[in-house]
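See structure below.
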Amino acid sequence: MDHRTHMFLKGVHMCSNEFDEKAHLAHMFLEGYSFLLTNLMKSEAY
20 MDHRTHMFLK
30 GVHMCSNEFD
40 EKAHLAHMFL
50 EGYSFLLTNL
60 MKSEAY
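Structure follows, in structure tokens:
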């Protein structure tokens, strides 16, 4: 495997890791958001 191929694969790997992190953060954000919304709905209902 030559140097360029190695660098390319390294870059792809880093990009996918970054994507995983962003996806995880987005998931956490959405979970927190829906949790807050549900609580707001509940308190509105009372």
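Going by the working numbering, 61 is the number at position 42 of the sequence shown; the sequence numbering is gapless.
Virtual Cβ for every residue (Gly too), placed ideally from N, Cα, C.
If you're wondering where the values come from, they're calculated on a predicted model, not measured in any experiment.
Between the alpha carbons of H46 and R23, how many angstroms are there, rounded? For this step, residue 46 is matched to residue 27 along the sequence shown. For this step, residue 23 is matched to residue 4 along the sequence shown. Straight-line Cα distance between these residues: approximately 34 Å.
Bounding residues of the alpha helix (DSSP H) (the contiguous stretch that carries D39): To locate residue 39, count along the sequence shown from 1; it is residue 20. Looking at the DSSP string, the run of the alpha helix (DSSP H) that includes D39 is H22 to A64.
Cα separation between M60 and S53? Here residue 60 is taken as the residue at index 41 of the sequence shown, counted from 1. Here residue 53 is taken as the residue at index 34 of the sequence shown, counted from 1. Within the model, the alpha-carbon separation for M60 versus S53 is close to 10 Å.
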